[in-house]
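Residues in the sequence shown are numbered consecutively from 0, following numbering that gives the first Met the number 0.
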Amino acid sequence: MRKSIVTCIVITFMLIPLGAGAAGFDGSAPLLCSLTRAFECHEDNGCIAALVTDLNLPRFFKIDVTQKKVTGVKEGGRTTDIQNVREVDGKLILQGAEDAVENVRDGIGWTVAVMEDSGNLVLTGSGDDVGFTVFGACIPQ
């Protein structure tokens, strides 16, 4: 009997951090995110695996929903504005658009979906005849 009470107490304390951490993925706290797997897709050739760095994406970045900013972690990291924020079906959805080089047709629209129960994320982007799908994860700061 005593052993099962101790087991219940241990399990309860193990679950508390999981619940507390999940609340941080709703945008109420800044997130530190890492991109892990990427795919580049073209209409003619289909999709191929790509390195995050080959896509000119930061490996680590911060999301600050209250400031509506996404910023690369490295010194001098780029910052982009979050133009739309919504919570849909347990996901924090962020959207924006970027024009990387002025007078070059390289603009891209992007969406980040952060799963509020796990912190996993999916980043999608689309531009001229190209699409990107990138997977990663975030932790609350």
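Using N, Cα and C, we set each Cβ at its ideal position, and we do this for glycine too.
Between the alpha carbons of PHE60 and GLU74 lies a gap of roughly 11 Å. A distance below 8 Å between beta-carbons, with the five flanking residues on each side excluded, links ARG77 to the following residues of its chain, in chain order: PRO57, THR70 and GLY71. Spatial neighbours of VAL113 in its own chain (CB-CB distance under 6 Å, excluding positions within 5 residues in sequence) are listed in chain order as PHE24, LEU91, LEU120 and CYS137. Going by DSSP, GLN140 is part of no beta strand (DSSP E) at all; its letter is neither H nor E. Closest in alpha carbon position to VAL103, among ASP127, ALA49 and GLU42, is ASP127. Note: GLN94 is bridge-paired with ASN83 and THR110 in the DSSP secondary-structure output.
GLN66 and LEU54 have their C-alpha atoms some 25 Å from each other.
Annotation: THR79 to VAL64 spans about 12 Å, alpha carbon to alpha carbon.
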